[in-house]
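Numbering (the working numbering), first residue to last: 202 to 602. Below is one structure, written out as structure tokens, with a few remarks after it.
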Ligand SMILES: Cc1cc2nc3c(=O)[nH]c(=O)nc-3n(C[C@H](O)[C@H](O)[C@H](O)COP(=O)(O)OP(=O)(O)OC[C@H]3O[C@@H](n4cnc5c(N)ncnc54)[C@H](O)[C@@H]3O)c2cc1C
């Protein structure tokens with residue numbers, strides 16, 4: 202059988218390798234960039250957080266997150282790590298559950314996949330951008346600007362629109378639309394947030410371990426804990442990424458940061474009062490030294506409009522304690538799909554079979570990874586979906602239940 206895979210990213214390479222395990226298949230992979238796995242190289246800050254041992258349905262989003270269940274059960278984290286080991290890749294699991302290559306280099310993951318594609322006889326054609334697909338009486342035709350291909354089974358693994366500098370495009374959605382599929386609205390997920398930076402601009406580079414409470418018109422939408430990094434446009438960091446999918450399509454959002462989680466507000470206030478009575482003449486300028494990062498402490502005092510050359514009063518201590526526990530940031534937007542790691546939304550999973558990833562409209566057509574309306578949490582869940590879905594689609598319907 203002739204199998205064609207469009208997209209040499211994580212899920213496409215996995216799908217091609219899986220399809221090539223059947224000696225009756227000849228497999229061709231078309232990639233628009235000049236090499237396969239370009240986005241993979243940038244994942245995990247160049248370390249490639251390729252999975253997470255906690256991967257289950259609860260870490261996925263979309264109209265029907267339960268869609269991932271079958272693929273994850275058929276080819277879960279253990280299967281994935283065993284598979285990569287069989288390709289020659291050793292991995293290490295951090296306490297958080299995140300899995301990385303032992304080499305700590307994303308290119309190790311790309312390389313073992315590339316070598317395996319070669320060994321399995323997959324024809325990899327790079328710099329081939331698929332511009333259209335069409336249905337024949339049997340099979341599909343696939344066109345690039347210069348060539349035309351025929352296949353019995355077609356796997357669309359074009360990824361999502363996020364991370365456009367690394368190859369993210371809307372091609373997959375468009376190609377599938379030409380075959381009668383629809384697409385939900387798309388929004389960025391796992392992305393930095395823009396905030397009002399009037400007070401925080403000077404904090405660029407400062408990191409804080411905080412509790413984040415996302416509010417809309419006074420109602421709490423969700424809470425999260427973890428590292429927040431201040432930037433010149435707003436905030437970044439793992440804890441911010443995790444709430445970003447809820448911030449991307451909502452307005453009137455306020456984020457409250459608890460900058461000193463170990464202490465309750467009252468306890469903190471008592472501590473500050475003690476600090477103040479121990480050095481009643483000390484100027485406010487140094488009041489938060491030893492409590493917060495110096496620059497963060499200064500911003501807290503400036504936010505309250507306090508005169509830094511004067512000593513702290515008891516009333517100041519109360520206000521400062523409150524602001525440290527509830528530091529407000531007005532969210533003004535996200536850094537968009539270009540900067541996002543993942544696309545929330547995509548081709549509705551209801552249009553594909555969960556047990557095979559075959560199109561319900563177009564038999565013999567499969568879709569994998571991010572092009573589908575599935576996005577995962579931060580921490581290796583998106584790549585796990587890419588591996589699991591690539592593996593399932595590469596079986597070409599052989600798993601049908
Ligand atoms: C900066 C960054 C860091 C990330 N870090 C992590 C991480 O550490 N852990 C994690 O789990 N996830 C991470 N992700 C998300 C993860 O990389 C993606 O979810 C995953 O790669 C999706 O796999 P995919 O196969 O669906 O798409 P991709 O890996 O994006 O592959 C799609 C491929 O299809 C090709 N293509 C598209 N259209 C065409 C066409 N018309 N013709 C031919 N080829 C085409 C593209 O060039 C691309 O190579 C990160 C994403 C980014 C942007």
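No residue lacks a Cβ here, since even glycine has one placed at the ideal position from N, Cα and C. Model, not experiment: these values are computed from the prediction.
Neighbourhood of residue i by C-beta distance below 8 Å, restricted to the same chain and skipping five residues each side
i	result
residue 304	291
residue 376	207, 331, 333, 334, 357, 359
residue 515	474, 477
residue 306	247, 248, 249
residue 421	414, 415
residue 240	210, 211, 360, 364, 367, 368, 369
residue 604	Here the chain has residues from 202 to 602 only, and residue 604 is not among them.
Residue i: CB within 6 Å of a non-hydrogen atom of ligand 1
i	result
residue 543	yes
residue 299	no
residue 207	yes
residue 359	yes
residue 268	no
residue 244	yes
residue 581	yes
residue 370	yes
residue 381	no
residue 390	no
residue 233	yes
residue 240	yes
residue 250	yes
residue 212	yes
residue 282	no
residue 247	no
residue 295	no
residue 587	yes
residue 367	yes
residue 348	no
residue 313	no
residue 428	no
residue 263	no
residue 570	yes
residue 443	no
residue 331	yes
Enclosing alpha helix (DSSP H) for residue i [first to last residue]
i	result
residue 449	Taken as a continuous stretch (DSSP letters only), residue 449 belongs to no alpha helix (DSSP H), as it is neither H nor E.
residue 476	466–479
residue 307	307–320
residue 460	Careful: residue 460 lies outside any alpha helix (DSSP H) and carries neither H nor E.
residue 565	First-last for residue 565: undefined, no H or E at that position.
residue 594	582–595
Counted within 10 angstroms of its Cβ, other Cβ atoms place residue i as buried (16 or more) or exposed
i	result
residue 452	exposed
residue 258	exposed
residue 389	buried
residue 253	buried
residue 354	buried
residue 371	buried
residue 419	exposed
residue 567	buried
residue 463	exposed
residue 324	exposed
residue 578	buried
residue 328	exposed
residue 527	exposed
residue 465	exposed
Enclosing beta strand (DSSP E) for residue i [first to last residue]
i	result
residue 437	435–437
residue 324	324–326
residue 207	203–207
residue 302	299–302
residue 548	Note, residue 548: premise wrong, no beta strand (DSSP E); not H, not E.
residue 333	333–336
residue 345	Looking at the DSSP string, residue 345 is not in any beta strand (DSSP E), and its letter there is neither H nor E.
residue 293	292–294
Own chain residues within Cβ distance below 7 Å of residue i, not counting five before or after
i	result
residue 322	221
residue 598	557, 559
residue 444	413, 415, 423, 425
residue 384	374, 378, 547, 548
residue 554	561
residue 403	496, 500
residue 519	470
residue 619	Residue 619 cannot be examined here, being either before or after the span of the chain that is shown, 202 to 602.
heavy atom of ligand 2 below 6 Å from residue i C-beta
i	result
residue 335	What this structure holds is ligand 1, not ligand 2.
- Where in the stretch 348–419 do unbroken runs of the alpha helix (DSSP H), each at least 4 residues long, occur, reported from the N-terminal end onward? 372–378
- Query: At which residue ranges does the stretch 213–279 contain complete beta strand (DSSP E) runs of 3 or more residues, listed in the order of the chain?
  - Reply: 227–231
- Every unbroken beta strand (DSSP E) within the stretch 487–540, with a cutoff of 3 residues, ordered by chain: 528–535
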